[in-house]
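Residue numbering for the sequence shown follows the working numbering, beginning at 26 and increasing consecutively.
All C-beta atoms in this analysis are idealised placements derived from N, C-alpha and C, irrespective of residue type, glycine included.
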Amino acid sequence: MADLQDELVALRAEVAALTNRLYRLEQKLGLDGELPREASAVTRQVVTRPYPLIPPSPVTRPLEKVPTFPTTTSKSFATARGEEEELEGKIGKLWLNRIGIVAILIGVSYFIKYAFDSGWIGPTGRIALGLLAGIALIFWSERFRARGHTPFSYSLKAVGIGTLYLSLWGAFQVYHLVPSEVAFVAMILVTASTITLALTQDAEILAAFAMIGGFSTPLLLSTGQNHEIVLFSYVCLLDLAMLAMVRVKPWRRLLVGSFTGTMILYIGWFGSYYTKDQRALTTVFTLIFAVIFAVIPLLTPLTQSRRRVGVSVTLTLLPLANATAVFFALKAMYENETLTWFALALAAAYLFLSSQFKRRLDGEPEVVKTINLLHVAIAVAFITIAIPLKLNSHWITLGWLVESAVLLYISVRTKTNFLRYFAAVTLSLGIIRLLIWDNFRVETLIFNARFATYLVAIAILGGIVVAASRFASERERPAVRVAGILLNVLALAALTLEASDYFRRQIAGLYQMHDRAAAAFHQIDLARNFSYSLIWLAYGAGLMMFGFGKRSAFVRWQALVLIALTIGKVFVYDVEELQQGYRILSFIALGGVLMGISYVYHRDWLKLAAHSQAKSTEVPST
26 MADLQDELVA LRAEVAALTN RLYRLEQKLG LDGELPREAS AVTRQVVTRP YPLIPPSPVT
86 RPLEKVPTFP TTTSKSFATA RGEEEELEGK IGKLWLNRIG IVAILIGVSY FIKYAFDSGW
146 IGPTGRIALG LLAGIALIFW SERFRARGHT PFSYSLKAVG IGTLYLSLWG AFQVYHLVPS
206 EVAFVAMILV TASTITLALT QDAEILAAFA MIGGFSTPLL LSTGQNHEIV LFSYVCLLDL
266 AMLAMVRVKP WRRLLVGSFT GTMILYIGWF GSYYTKDQRA LTTVFTLIFA VIFAVIPLLT
326 PLTQSRRRVG VSVTLTLLPL ANATAVFFAL KAMYENETLT WFALALAAAY LFLSSQFKRR
386 LDGEPEVVKT INLLHVAIAV AFITIAIPLK LNSHWITLGW LVESAVLLYI SVRTKTNFLR
446 YFAAVTLSLG IIRLLIWDNF RVETLIFNAR FATYLVAIAI LGGIVVAASR FASERERPAV
506 RVAGILLNVL ALAALTLEAS DYFRRQIAGL YQMHDRAAAA FHQIDLARNF SYSLIWLAYG
566 AGLMMFGFGK RSAFVRWQAL VLIALTIGKV FVYDVEELQQ GYRILSFIAL GGVLMGISYV
626 YHRDWLKLAA HSQAKSTEVP ST
């Protein structure tokens, strides 16, 4: 019995201690918990009444009134605790690791510098020490990888590989212990060894180390002399090595890095050493680089995950960057006449690649569509660029207009909406250039290059409007209406320019009349202004008749707007500026046209009143 009582006393003491600890935890967390009075009573009871058989009621109440943590608070506390542990683990495993490596390298470098300054180690010993240290770090890192500390192992490998490159750089550039050829071969061996490690350990980060070291080699061993063949041959081999590695491993980001490294070395060499005497050789290497990065999507496999997600950045942005880079590289070497043929050749090449993608990636519709359209877009862009490079004046506008018509035709035949956007872009370029730059003066009325260019643009826009009535969807109707408006704007502009040039030639002949020139000039100016009103009014009337004939409210509204503008010109400008005869003709012509149009509306040839009445009496469906 005494043993049972002793155990009961000990249990009471532990309950009191746990209650006190819980209270202290609540206070630290900022909770409103209070220490129950019974807790201290339990402690006193342990001392004053050590042997009761049955706990009195004051002893049991503390256990019932002990405050509990709310569920949400417990969850938030656990979440905060987990985040704190995660941050702690990241700091301990990664950041302290990296900072420690840097600190060790700094300390070792200070020691080596002190040894150098004190003459303890000669140049040969210094290089040998660096090479041995780099190799030792790489081998030492394998012990950590075997134990599962892979990130730490790769960090050590990075330090070791970097030490090897820097040691070889010092052996050649600083101490001149070895010729450039030996240092170059040694760095190639370091790069090849790193690639081997990356493939055997399936480590993309090691492949990135190899790529960085490989592209840094020409910079580390530069002698300030022009070695184009050696440099670009080495870069080509390095690019091919990266491409071969991506063939067996899904490390597409290496290709982006390889392209970036190639561009840095190419631009650096071009800015320092290029001359026109090297143009042929440089063109060959430029095209080789272009081919390497152009065929990447053909040679790199598409994994299942890549097919589910879609086309990677490598397959989309890299072709665009490659096409842009090769064009500007060629532009820096050739005049526009030759550059035109390069642009057309590149367009043909990208069209060929597009067909190859479709054949190779059959069965992957989304991938095929994206890659196909991307390469077709690049080809169209090169054709669009080639037109102003080869042609001059209005021929540029004609080229863009014809290109837009061809693209529209292909898009309709192949049902490829993607090409319609490029057709719209080239058509817009042609119209903008036609209205702004191609308003040159002509000497022959109607039968001249300017009017012919306008006719081509009008014909294309007319073809769009006609074709849209058969193929356009409801979503494309607004674009078709814009095309119809542009058609009428161009037609009016063409007729107005022809009238302007006709009267300009009349004015030019007045300079030989001397004393009668001023009066004659005024008469011709009046006739020119009157002709503008007459042309606009006649075109508006014709447009109205066309709208009646086609039963097109859209066309009739355009005619009404044009007639309204003509009315404004007659009443505001002509009544003040024109002479009595022209003023009479303007008002009579305007009035006659307006009365004729009004008569057509009154006769209701289109049955507009009946249609409106039917609309108003139509019972809405419920």
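- C-alpha of Ser380 to C-alpha of Tyr557: approximately 53 Å in a straight line.
- Put simply, the backbone Cα of Thr591 is about 30 Å away from that of Ala493.
- Between Leu245 and Gln198, the gap from beta carbon to beta carbon is short of 9 Å.
- Between Arg475 and Val467, the gap from beta carbon to beta carbon is short of 9 Å.
- Its chain contains Ile549 as the residues whose beta carbon lies nearer than 6 Å to that of Gln531, once the 5 sequence neighbours on both sides are disregarded; these appear in chain order.
- The straight-line gap separating the alpha-carbon atoms of Glu167 and Leu181 is approximately 9 Å.
- For Ala448, the uninterrupted alpha helix (DSSP H) segment begins and ends at 442-461.
- It is roughly 49 Å from the alpha-carbon of Gly195 to the alpha-carbon of Ala402.
- In terms of Cβ geometry, Leu551 and Ala614 do not form a close pair [threshold 9 Å].
- Just so you know, the alpha carbons of Asn473 and Gly455 end up roughly 18 Å apart.
- Contact check for Tyr179 and Asn251: beta-carbon distance about 38 Å, past the 8 Å limit, so the pair fails to qualify.
- Taking all protein chains in view, the Cβ of Leu511 is crowded by 16 or more other Cβ atoms within 10 Å, so the residue is classified as buried.
- Here the alpha carbons of Lys301 and Leu340 stand approximately 34 Å from one another.
- For Leu324, the three-state secondary structure derived from DSSP is helix.
- The region 365-377 makes no contact with the region 424-437, as fewer than three CB pairs between them are under 8 Å.
- Relative to the Cα of Tyr446, the nearest Cα in the group Ser205, Ser429, Val514 belongs to Ser429.
- Each residue's CA atom was taken as its position, placing Thr409 and Val580 some 32 Å apart.
- Look at the beta carbons and you see the region 497-509 not touching the region 518-526: under three pairs across the two are nearer than 8 Å.
- At a Cβ-Cβ threshold of 9 Å, Met270 and Leu279 count as neighbours.
- Taken atom to atom, the span from the alpha-carbon of Arg438 to that of Trp366 is near 28 Å.
- Each of Ser258, Pro148, Asn397 was checked against the Cα of Thr441, and the nearest Cα belongs to Asn397.
- For the pair Ile435 and Lys575, the Cα-to-Cα distance works out to about 28 Å.
- His174 sits in coil when the DSSP states are folded into three classes, being neither helix nor strand.
- Between Leu47 and Ala41, the alpha-carbon positions lie close to 10 Å from each other.
- Non-local C-beta neighbours of Thr219 in its own chain, meaning closer than 7 Å and more than five positions away in sequence, comprise Ile186, Leu231, Phe234, Ala235, Gly238, ordered along the chain.
- Boundaries for Ala357: no alpha helix (DSSP H) harbours it, and the DSSP string shows neither H nor E there.
- In this structure, Ile313 lies away from Leu343, with their beta-carbon atoms at least 9 Å apart.
- DSSP places Ala266 inside the alpha helix (DSSP H), whose first and last residues are 253-273.
- Counting every other CB atom within 10 Å of its CB across the protein chains shown gives Trp462 a total below 16, marking it as exposed.
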